[in-house]
Every structure is written in structure tokens, then in C-alpha cells.
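Numbering (UniProt numbering), first residue to last: 1 to 384.
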């Protein structure tokens, strides 16, 4: 069984209170129908994106969808473990309950993918055990593929290796956010090669606009206010970059999306036979968002065989001519960002590109230390 995803995945975080002031007013059924019709037939959501799952469930049950599409036509991806901004529950009981709740909300009998959500906020052994619970559920066909998600690439890599060591099989999929973008490229330069070493074969890059940072105007805010981790200096630099790109007849959002789509496709194509595929999760709040994402994809990607109908899933190669035109603006934006290029939201500083040898050593320690810690119960978690 192989997980096949389109180049673009519809992100359900756009239907949340975090990112939208009134998500109930979003025409989600219309958005899903438009997305499905153009080949974007994969959805990523989470219970944390309240009320995204409920709204998606209602939309998927609506005549706009059911008159043309059946459950096997689309992929549902959701998450477990994160309850609110500062509350997590990775206990086996909660993981099982969360999966059942998501199945009910989405009106589904199975979930294609379930991620352990934001694993950097819990201990390594909590995340490993939660993956084990999801693997049990996969044997009952309630969950087809199991993965982890988070911002910290180091933690994602550590857990991916630890899962492979404990369960004698790799994770099916890993999701990282805002690190294959014009502002931060660490997922491409370090994350994908390191995850491939852990046996991971599917990677999702979510937030190609860095959660709404790489565009004109302010970052998105919903009922929870301005939660975005970008400091004011970075926001100011992005505004200058946006003005520069618009002066050349383009938009920063369009440029940033084309960059992420191209890099994801090239990371898939240049894997060297390892079989890894990289997919981009985009935030959607309106029909116009769908149209803009489709336009960006059609501009920078091309199908291997021409088709009379638009199907995003057939776009499998980068249009090198368009990429060459964009290249000058890529460099210009990076120059304007200056010290903020490669700034890390987690550490508050530029990315430390430590040698891969040291990262392998640290991963080895993560695999060894749980044996010592769990047997003596000296500390509640491992934090490296």
C-alpha cells in the first residue's frame, strides 16, 4: 500500500478560529468542489483547528460533493495529541478517543493519514508511544498511514529514527511547516535528506507562505488575535520585499508559492532513486484562494503529458523557463530579508547548520537514552 498525494493539499487550518474571524461563514462545500474538480483531492486538518473538522464534515456530506465524489476519491489527513495552544494529551486513551472523534466529525469510516501533532512539545518517548497506538489502529483499518508533524526538524528526525528502531518500520509520512519557503529553506537543505535516512518516503511542507507572513498586508489573525511567531523586524523586512516584488508586476504571495512548489517538486525529482515525494499544504479560506493556488501551480509546474482538462495531480515537472524568470526575484527577496533569511521561529535565531555527523550522534543518543531513563524512571522525559 502506497500513499499517493497530489502536489497541492488543501490545508484545513484556514477554516479555524486561529486564522479566520468567522470560519462558519466560509463557503467550504463550494471550496471543496472547486478543489476536487481541479485535482486537489487531499485535505489536511486537525482537532486543534477548531472548528475545521466539523465544518469539513458538513461540507463533505453536502450534495455539492456527494453527487460527484465518493469517499475513495479523496484523502483525509488529520492529527492527534494537540488540544489547545498550551494543552497536549498523548496518552493512549486520548489518542484512540481523538481518532474516533475525528471519524465522527468528518463523517468517515477511515482516515487516510493521522499525524501526531506538534511533537516538539512533548517528550520523545511520548511521541513514540503515540505512534505505536496509531499503528495499532492502522491494523484495524481505521487509519491507513501514520505520521508525525511539527516545526522542529531536529525533533522530527529524532523521532523518525526512534520509531524505526522500536517498531522495525519507518513512519509513513512527516509534515513540517514554514521551512521550505523563500524565508527558510531548512526542510530542503537538511530535513528531507535526514528524513530519507530514517526511511521516510512522503514529506509534506505546509505553510509555504510561512503562515501568511510572505504576502502583502498583515499576518492573518482570527478570534485568538495575532499569534504569529515572526518578530517585528522580520515583518518589516517582508513588507519591504513585498513592495519590491509588486513594483515588478508580481506579488510576494505568488512568488513565494511558486518557489515552494518548485522546490518541493525538485526535491522529489532529485531524490536520487530514494523514492521520496514532497507535497505542499496550502491554507485556503476562499474560492479566490483556490484560484490563486491553481494559477501558481499551473505557472511553475507542467504535466508530463498534455491533457484537455485541468488536473493538478498531473503536474509533475518544474517549468524551468518560468523558474529562471523568478530566480532574480528570489535572490532579490532574500537580499532584502538579509539577517532574517533562515531565521528560525523556534530558536529565535538563524538556523544552525550543524554537521550531519553530529546530528547522527545526537539521534543515536535519543535511541539509547530512553532505555536508561525508562528503566530507572529518573526523569519524566528526554529533551535533547
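All C-beta atoms in this analysis are idealised placements derived from N, C-alpha and C, irrespective of residue type, glycine included. The model shown is predicted, which means the values in this text are computed figures rather than measured ones.
Can you tell me the Cα-Cα spacing of residue 228 and residue 84, whole angstroms?
-> For the purposes of this step, residue 228 is taken as the residue at position 228 of the chain shown. For the purposes of this step, residue 84 is taken as the residue at position 84 of the chain shown. Distance between the alpha carbons of residue 228 and residue 84: 15 Å.
Taking the Cβ atom as the reference point for each residue, do residue 167 and residue 135 lie within a distance shorter than 9 Å?
-> On the chain shown, position 167 is the one that residue 167 refers to. On the chain shown, position 135 is the one that residue 135 refers to. Inclusion of residue 167 and residue 135 in the CB contact set at 9 Å is warranted, their separation being smaller than that value.
Which residues mark the beginning and the end of the beta strand (DSSP E) in which residue 244 is found?
-> In the chain shown, counting from the first residue as 1, residue 244 sits at position 244. Not the beta strand (DSSP E): residue 244 falls in the alpha helix (DSSP H), residues 232-247.
Environment of residue 25 [buried if 16+ CB atoms lie within 10 Å] | On the chain shown, position 25 is the one that residue 25 refers to. Residue 25 should be labelled exposed.
Exposure label - residue 184; buried when at least 16 CB within 10 Å | What you label residue 184 is simply residue 184 of the chain shown in a count that begins at 1. So residue 184 ends up on the buried side.
Would you list the one or two residues that DSSP bridges to residue 149?
-> Position 149 of the chain shown, counted from the first residue, corresponds to residue 149. In DSSP, residue 149 forms a bridge with 175.
Alpha carbon to alpha carbon, how far is residue 397 from residue 309?
-> With the chain covering only 1 through 384, there is no way to say anything about residue 397.
Among 14, 63, 304, which has the Cα closest to the Cα of residue 43?
-> Taking the chain shown and counting its residues from 1, the one referred to as residue 43 is at position 43. When 14, 63, 304 are compared, the shortest CA-CA separation from residue 43 is found for 14.
CA-to-CA distance, residue 339 to residue 57, given in whole angstroms | Here residue 57 refers to the residue found at position 57 when the chain shown is read from its first residue. Here residue 339 refers to the residue found at position 339 when the chain shown is read from its first residue. Distance between the alpha carbons of residue 57 and residue 339 is about 43 Å.
Can you tell which of 201, 10, 330 has its C-alpha closest to the C-alpha of residue 262?
-> In the chain shown, the residue the question calls residue 262 occupies position 262. Distances from the CA of residue 262 to each of 201, 10, 330 were compared; the closest alpha carbon is that of 330.
When you compare only the Cα positions, how much space is there between residue 215 and residue 129?
-> To locate residue 215, count along the chain shown from 1; it is residue 215. To locate residue 129, count along the chain shown from 1; it is residue 129. Approximately 39 Å between the Cα atoms of the pair.
Helix or strand or just coil, what does DSSP make of residue 295?
-> Counting from 1 along the chain shown, the entry for residue 295 is found at position 295. In the structure shown, residue 295 adopts helical secondary structure according to DSSP, grouped into three states.
When we look at the beta-carbon of residue 380 and count the other beta-carbons within 10 Å, is it buried (16 or more) or exposed?
-> Counting from 1 along the chain shown, the entry for residue 380 is found at position 380. Only weak support exists for where residue 380 lies, its pLDDT of 32 falling under 50; the value from the coordinates is given anyway. Classification for residue 380: exposed.
Residue 42 bridges to which residues according to DSSP?
-> Stepping through the chain shown from its first residue, residue 42 is reached at position 42. Per DSSP, 75.
Output the boundary residues of the beta strand (DSSP E) element that contains residue 67.
-> Here residue 67 is taken as the residue at index 67 of the chain shown, counted from 1. Counting along the chain, residue 67 falls outside any beta strand (DSSP E), and DSSP gives it neither H nor E.
Taking buried to mean at least 16 other C-beta atoms within 10 Å of its own C-beta, is residue 67 buried or exposed?
-> Walking along the chain shown from the start, residue 67 turns up at place 67. Answer is exposed; the Cβ neighbour count stays below 16.
Buried or exposed: where does residue 283 fall if 16 or more other Cβ atoms within 10 Å of its Cβ makes it buried?
-> In the chain shown, counting from the first residue as 1, residue 283 sits at position 283. Buried is the label assigned to residue 283, since at least 16 other Cβ atoms lie within 10 Å of its Cβ.
Since I believe residue 326 is in contact with residue 255 (beta carbons under 8 Å), could you give me their beta-carbon distance rounded to a whole number of angstroms?
-> For the purposes of this step, residue 255 is taken as the residue at position 255 of the chain shown. For the purposes of this step, residue 326 is taken as the residue at position 326 of the chain shown. Right, their Cβ atoms sit about 6 Å apart.
Kindly indicate which three-state DSSP category residue 190 falls into: helix, strand or coil?
-> To locate residue 190, count along the chain shown from 1; it is residue 190. Looking at residue 190 - three-state DSSP - the assignment turns out to be helix.
Is the number of C-beta pairs between the stretch 108-122 and the stretch 138-152 that are closer than 8 Å three or more?
-> yes
Mind checking which residues open and close the alpha helix (DSSP H) that includes residue 301?
-> For this step, residue 301 is matched to residue 301 along the chain shown. Premise fails: residue 301 lies in the beta strand (DSSP E), 301-303, not in any alpha helix (DSSP H).
Considering only C-alpha positions, which residue in the set 178, 79, 46 is nearest to residue 341?
-> Position 341 of the chain shown holds residue 341. Of the listed residues, the one whose Cα sits closest to residue 341 is 178.
Residues near residue 346 by beta carbon distance below 6 Å, same chain, minus five either side = On the chain shown, residue 346 is found 346 positions in, with the first residue counted as 1. Around residue 346: 151, 152.
Tell me whether residue 111 sits in a helix, a strand or coil according to DSSP, three-state version.
-> Within the chain shown, residue 111 is the residue found at index 111, counting from 1. In this structure, residue 111 counts as strand in the three-state DSSP scheme.
Touch check for the stretch 310-319 and the stretch 229-249: three-plus C-beta pairs under 8 Å?
-> no
For the stretch 17-62, which segments carrying the beta strand (DSSP E) assignment without a break, of at least 3 residues, lie completely within its bounds, in sequence order?
-> 42-44
As assigned by DSSP and simplified to three states, the class of residue 4 | Here the question's residue 4 lines up with position 4 in the chain shown. Note: residue 4 maps to coil in three-state DSSP.
Test item: CB-CB of residue 149 and residue 11 under 9 Å = Indexing the chain shown from 1 puts residue 149 at position 149. Indexing the chain shown from 1 puts residue 11 at position 11. No. Outside cutoff.
Once you ignore the five residues that flank residue 61 on each side, which residues in its own chain have a CB closer than 7 Å to its CB?
-> Along the chain shown, one-based indexing puts residue 61 at 61. Counting only Cβ-Cβ distances below 7 Å, and skipping sequence neighbours, we find 107.
Closest Cα partner of residue 259 within the set 297, 306, 18 | Against the chain shown, residue 259 aligns to sequence position 259. Comparing Cα-Cα distances from residue 259 to each of 297, 306, 18, the minimum goes to 297.
Unbroken beta strand (DSSP E) run spanning residue 315, endpoints | Indexing the chain shown from 1 puts residue 315 at position 315. Segment 315-318, the beta strand (DSSP E) holding residue 315.
Where do the ends of the beta strand (DSSP E) carrying residue 280 lie?
-> Taking the first residue of the chain shown as 1, we reach residue 280 at position 280. Its beta strand (DSSP E) spans residues 277-283.
Hey, quick one: how far does the beta strand (DSSP E) through residue 84 stretch, first residue to last?
-> What you label residue 84 is simply residue 84 of the chain shown in a count that begins at 1. Counting along the chain, the beta strand (DSSP E) containing residue 84 begins and ends at 82-84.
Given residue 155, which residues of its chain have a CB within under 7 Å of its CB, disregarding the five upstream and five downstream residues?
-> Here residue 155 is taken as the residue at index 155 of the chain shown, counted from 1. Excluding residues within five positions, the ones whose Cβ falls inside 7 Å are 119, 120.
When you compare each of 64, 70, 201 to residue 29 by their alpha carbons, which one comes out closest?
-> The residue you call residue 29 lines up with position 29 of the chain shown. Minimum Cα distance to residue 29 is reached at 64.
Which residue from 291, 19, 79 puts its Cα closest to that of residue 175?
-> Numbered from 1 along the chain shown, position 175 holds the residue referred to as residue 175. Out of 291, 19, 79, 79 has the C-alpha closest to the C-alpha of residue 175.
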